[in-house]
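Remarks on the structure that follows.
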Amino acid sequence: MQNLCLLEVDVNGQEIFLVDKTILESFSGRLRKLFSKLIGKTRRLKLLFDKFPGGAECFELIVKFCYNGGRIKMTPFNMFQLHCAANYLEMNQEVQGKPNLVEQTISFFRKIHYMTWSELIIGLENCQELLFFLSSSSLLQEFLDCVVGRLEFHYISSPCPSSTDNSSMQFSGDISLESRGICTSQATWWFADLGFLNLNMFKKIIDTTVSKKLDHSVISSFLFYYKRMKCPNASSAQKCRIIETVIKCLCPLVSSFISIRGLFDIFQASFNLKMSKCSIGKLENLIGSQLDRAKLDDLLIPSPAGEKIAYNVNLILRLLDIFLSNSRGKLLMYQLKKVAELIDLYIMEVAPDPFLKPSKFLALAMAMPDIARESYDTIYLAMDIYLKVHYRLSEEEKIKICSVLRYDELTEKILKDLAQNESFPACALVTAQVTLQNKLRYSVPRTSIFS
Numbered sequence: 000m001q002n003l004c005l006l007e008v009d010v011n012g013q014e015i016f017l018v019d020k021t022i023l024e025s026f027s028g029r030l031r032k033l034f035s036k037l038i039g040k041t042r043r044l045k046l047l048f049d050k051f052p053g054g055a056e057c058f059e060l061i062v063k064f065c066y067n068g069g070r071i072k073m074t075p076f077n078m079f080q081l082h083c084a085a086n087y088l089e090m091n092q093e094v095q096g097k098p099n100l101v102e103q104t105i106s107f108f109r110k111i112h113y114m115t116w117s118e119l120i121i122g123l124e125n126c127q128e129l130l131f132f133l134s135s136s137s138l139l140q141e142f143l144d145c146v147v148g149r150l151e152f153h154y155i156s157s158p159c160p161s162s163t164d165n166s167s168m169q170f171s172g173d174i175s176l177e178s179r180g181i182c183t184s185q186a187t188w189w190f191a192d193l194g195f196l197n198l199n200m201f202k203k204i205i206d207t208t209v210s211k212k213l214d215h216s217v218i219s220s221f222l223f224y225y226k227r228m229k230c231p232n233a234s235s236a237q238k239c240r241i242i243e244t245v246i247k248c249l250c251p252l253v254s255s256f257i258s259i260r261g262l263f264d265i266f267q268a269s270f271n272l273k274m275s276k277c278s279i280g281k282l283e284n285l286i287g288s289q290l291d292r293a294k295l296d297d298l299l300i301p302s303p304a305g306e307k308i309a310y311n312v313n314l315i316l317r318l319l320d321i322f323l324s325n326s327r328g329k330l331l332m333y334q335l336k337k338v339a340e341l342i343d344l345y346i347m348e349v350a351p352d353p354f355l356k357p358s359k360f361l362a363l364a365m366a367m368p369d370i371a372r373e374s375y376d377t378i379y380l381a382m383d384i385y386l387k388v389h390y391r392l393s394e395e396e397k398i399k400i401c402s403v404l405r406y407d408e409l410t411e412k413i414l415k416d417l418a419q420n421e422s423f424p425a426c427a428l429v430t431a432q433v434t435l436q437n438k439l440r441y442s443v444p445r446t447s448i449f450s
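Residue numbers (numbering that gives the first Met the number 0): 0 to 450.
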């Protein structure tokens, strides 16, 4: 013991080790440089590490490696710990003819393609706690590429005990994987296995799946799955980070592969969160760009707290603007007609609201181009409800609202009703009567000709 030069090492405040300084510095370039400045000091030295990779558990592995003459059994559990610690301590020089620890870890990493899925998951779980020390390492990306490469094998069933039937569930609002020829259980077998990922590693995995061109419908389904799994037990700040990360990850995906119901679910979840305007804008763009796939229930979003109006009409107007502006020149007629029908139904739903201002009603009614509507019957019915509820509107306001109507696009039944509807301004009744007479006049000759 007299020949020992003891070194007291405090590792991240977790544990104190008493080790032989000479043994450790023979393997560590960092320690050699440090101790070379302490020549002549023979008293017991104390070394403080406050950011040692992997903490006390990892330092103990390093001590074992050094005391065992530069040998240690590497496993998927400790490979990242040893690699990070070896780089941190600059263990990159050959000692006693044996490969240094950095080289040994790199050599072990070449075997990752032969690891089982369970071993890869173990490595991933330990790796995510060391991301700060792996930021400049190419080994991390090689490892993630290997993990994501396994996800493409849809017919592999997960051997991990963490997997449950939940991983293959049909998620609420998901785009149907079956409709794209993908069996849900085959495509989503890995979801539960990766549910442990922290947000930083989750983002890296998603980035890798995108770069590896994994099916976008599967990626988006995993994003929604992760959000549903993580948010229930998270704080408001954590929920905000999770949702903003999910939104950011959804943006590079092809929008037609993203569940519109899932996007509206995210919007509902964000109501009470302090999300950035940038993230909210990205979410609205994602929804607006595929508004033709939405349903009426999706649009019935309550107004923000403190507002008297029942539904968030301003949001719907923004979504309509995004749909029409972002897709200008690319929209097919059936998409326009589908959104027009959807908005007409929405107007019917919001029309009875006594707090809905005439300007908002008019903005909704005028949002879609005329060519998108084959009939104005639904708009008329919505106006009828609105004018009956808002019977105190001035004649001028009523005329302005009725200016949206195209009387020649109303059916005879609706024209007859409008011609006698005292809730509408007098000019609308007259126009309806004239239009009806013209329709009847032109329909008689046709009937007589064919008869």
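C-beta: ideal position from N, C-alpha, C; glycine also.
Report task. Taking K45 as part of the beta strand (DSSP E), name the residues at either end of that continuous run. Result -> Residue 45 sits at position 46 when you count from the first residue of the sequence shown. Where K45 is concerned, the enclosing beta strand (DSSP E) stretches over L44 to F48.
Query raised in the report: Does the distance from the CB of L143 to the CB of I204 come in under 8 Å?
Result: Sequence index remark: in the sequence shown, residue 143 carries index 144 (1-based). Sequence index remark: in the sequence shown, residue 204 carries index 205 (1-based). Cβ atoms of L143 and I204: closer than 8 Å.
Report task. Give the straight-line distance between the Cα atoms of T430 and S220, rounded to the nearest whole angstrom. Result -> The residue you call residue 430 lines up with position 431 of the sequence shown. The residue you call residue 220 lines up with position 221 of the sequence shown. Each residue's Cα considered, the two are about 52 Å apart.
Query raised in the report: Taking the alpha-carbon positions, what's the D296 to Q289 distance?
Result: Taking the sequence shown and counting its residues from 1, one reaches residue 296 at position 297. Taking the sequence shown and counting its residues from 1, one reaches residue 289 at position 290. Whole-angstrom Cα-Cα distance: 15 Å.
Query raised in the report: For the beta strand (DSSP E) that contains V8, what are its first and last residues?
Result: Looking up residue 8 in the sequence shown gives position 9. Run containing V8: L5 to V10, per the beta strand (DSSP E) assignment.
Query raised in the report: Under a three-way DSSP split, which group does I15 fall into?
Result: Position 16 of the sequence shown, counted from the start, is the residue given in the question as residue 15. Of the three classes helix, strand and coil, the one that applies to I15 here is strand, per DSSP.
**Report entry** Coil, strand or helix - P98 by DSSP
**Finding:** To locate residue 98, count along the sequence shown from 1; it is residue 99. Of the three classes helix, strand and coil, the one that applies to P98 here is coil, per DSSP.
**Report entry** Which listed residue (M228, K202 and N199) has its alpha carbon closest to that of A191
**Finding:** By 1-based counting over the sequence shown, the position of residue 191 is 192. Of the listed residues, the one whose Cα sits closest to A191 is M228.
Requested in this report: For V433, count neighbouring C-beta atoms within 10 Å of its own C-beta (all shown protein chains included) and say buried if the count is 16 or more, exposed if not.
Outcome: Translated into positions along the sequence shown, residue 433 becomes position 434. Burial call: exposed.
Query raised in the report: Using the beta-carbon count (16 or more within 10 Å), is H215 buried or exposed?
Result: Along the sequence shown, one-based indexing puts residue 215 at 216. Result: buried.
Query - Residues of its chain near T244, where Cβ-Cβ distance is below 8 Å and the 5 sequence neighbours each way are ignored - result: Position 245 of the sequence shown, counted from the first residue, corresponds to residue 244. Only L198, F201 and K202 meet the Cβ criterion.
Query raised in the report: Helix, strand or coil for I155 per DSSP?
Result: One-based indexing of the sequence shown puts residue 155 at position 156. Confidence at I155 is low in this model, with a pLDDT of 48, below 50, so its placement is unreliable and the value that follows should be read with caution. Here I155 sits in coil by DSSP.
Query raised in the report: In three-state DSSP terms, what is Y225?
Result: Residue 225 sits at position 226 when you count from the first residue of the sequence shown. In this structure, Y225 counts as helix in the three-state DSSP scheme.
**Report entry** For Y310, the three-state DSSP class (helix, strand or coil)
**Finding:** Looking up residue 310 in the sequence shown gives position 311. Correct three-state label for Y310: strand.
Query raised in the report: Looking at C-beta atoms only, is the number of pairs between the stretch 229 to 237 and the stretch 247 to 267 that lie closer than 8 Å three or more?
Result: no
Query raised in the report: For P301, which three-state DSSP category applies?
Result: Residue 301 sits at position 302 when you count from the first residue of the sequence shown. Correct three-state label for P301: strand.
Query raised in the report: Whole-angstrom Cβ separation of F26 and G69, contact assumed at under 8 Å?
Result: Position 27 of the sequence shown holds residue 26. Position 70 of the sequence shown holds residue 69. About 7 Å; that satisfies the 8 Å criterion.
Requested in this report: Mind reading off the beta-carbon distance from F79 to C126? Whole number of angstroms is fine, and I expect it under 8 Å.
Outcome: Sequence index remark: in the sequence shown, residue 79 carries index 80 (1-based). Sequence index remark: in the sequence shown, residue 126 carries index 127 (1-based). Confirmed, about 4 Å.
Query raised in the report: Under 8 Å, do V312 and L392 count as touching if we go by C-beta distance?
Result: Counting from 1 along the sequence shown, the entry for residue 312 is found at position 313. Counting from 1 along the sequence shown, the entry for residue 392 is found at position 393. Taking 8 Å as the Cβ cut-off, V312 and L392 do not qualify as a contacting pair.
Report task. Using only alpha-carbon positions, find the residue among A55, V147 and M274 that is nearest to K247. Result -> By one-based count along the sequence shown, residue 247 stands at place 248. For the residues A55, V147 and M274, the minimum Cα distance to K247 belongs to M274.
Requested in this report: Pull up the distance between the alpha-carbon of L139 and that of F16, whole angstroms please.
Outcome: On the sequence shown, residue 139 is found 140 positions in, with the first residue counted as 1. On the sequence shown, residue 16 is found 17 positions in, with the first residue counted as 1. The alpha-carbon atoms of L139 and F16 are separated by roughly 29 Å.
Requested in this report: Count the other CB atoms, across all protein chains shown, that sit within 10 Å of the CB of R440; report buried if there are 16 or more and exposed otherwise.
Outcome: Within the sequence shown, residue 440 is the residue found at index 441, counting from 1. Under this definition R440 is an exposed residue.
**Report entry** P357, enclosing alpha helix (DSSP H) - first and last residue
**Finding:** Taking the first residue of the sequence shown as 1, we reach residue 357 at position 358. P357 -> alpha helix (DSSP H) spans P357 to M365.
Query raised in the report: R292 lies in the alpha helix (DSSP H); which residues open and close that run?
Result: In the sequence shown, the residue the question calls residue 292 occupies position 293. It is not in any alpha helix (DSSP H) - R292 carries neither H nor E in the DSSP assignment.
Report task. Look at the Cβ atom of I342, then the Cβ atom of M382, and state whether they are nearer than 8 Å. Result -> Reading the sequence shown from its first residue, position 343 is the one you call residue 342. Reading the sequence shown from its first residue, position 383 is the one you call residue 382. No, the pair does not count as a contact, with Cβ atoms beyond the cut-off.
Requested in this report: Ignore the nearest five residues each way along the sequence and tell me which others in I308's own chain have a CB closer than 7 Å to its CB.
Outcome: For this step, residue 308 is matched to residue 309 along the sequence shown. Correct list, in chain order: S302, D352, F354 and L355.
Query raised in the report: Which value, in whole angstroms, describes the spacing of the CA atoms of L133 and C83?
Result: Locating residue 133 in the sequence shown gives position 134, where the first residue counts as 1. Locating residue 83 in the sequence shown gives position 84, where the first residue counts as 1. Distance between the alpha carbons of L133 and C83 is about 7 Å.
Requested in this report: Take the Cβ of Q436 as the centre, count every other Cβ of all protein chains shown within 10 Å, and call the residue buried at 16 or more, exposed below.
Outcome: Residue mapping note: residue 436 aligns to position 437 of the sequence shown, counting from 1. Exposed, by the Cβ-count rule.
Report task. Taking only the alpha-carbon atoms, compute the straight-line gap between F108 and V253 and give it to the nearest angstrom. Result -> Within the sequence shown, the letter at position 109 stands for residue 108. Within the sequence shown, the letter at position 254 stands for residue 253. F108 and V253: Cα-Cα distance of roughly 34 Å.
**Report entry** Close Cβ partners of E408 (< 7 Å) along its chain, the five nearest in sequence each way excluded
**Finding:** Position 409 of the sequence shown holds residue 408. Closer than 7 Å at the Cβ level, and outside the excluded window around E408, lie R372, S374 and Y375.
**Report entry** Start and end residues, alpha helix (DSSP H) containing K20
**Finding:** Position 21 of the sequence shown, counting from 1, holds the residue named residue 20. Segment K20 to F26, the alpha helix (DSSP H) holding K20.
Query raised in the report: Buried or exposed: C401, going by 16 or more other Cβ atoms within 10 Å of its Cβ?
Result: As a working mapping, residue 401 is identified with position 402 in the sequence shown. The residue in question, C401, is buried, as its Cβ has 16 or more Cβ neighbours within 10 Å.
Report task. Report yes if the C-beta distance between Y345 and L298 is below 8 Å; otherwise report no. Result -> Along the sequence shown, one-based indexing puts residue 345 at 346. Along the sequence shown, one-based indexing puts residue 298 at 299. Closer than 8 Å, so yes.
Query - Presumed contact (8 Å Cβ cut-off) between L314 and L282, rounded CB distance - result: Numbered from 1 along the sequence shown, position 315 holds the residue referred to as residue 314. Numbered from 1 along the sequence shown, position 283 holds the residue referred to as residue 282. Actually they do not touch by this definition, with Cβ atoms about 11 Å apart.
**Report entry** Contact with chain B by V146, beta-carbon distance below 8 Å
**Finding:** As a matter of chain content, chain B is missing from the structure shown, which is built from one protein chain.
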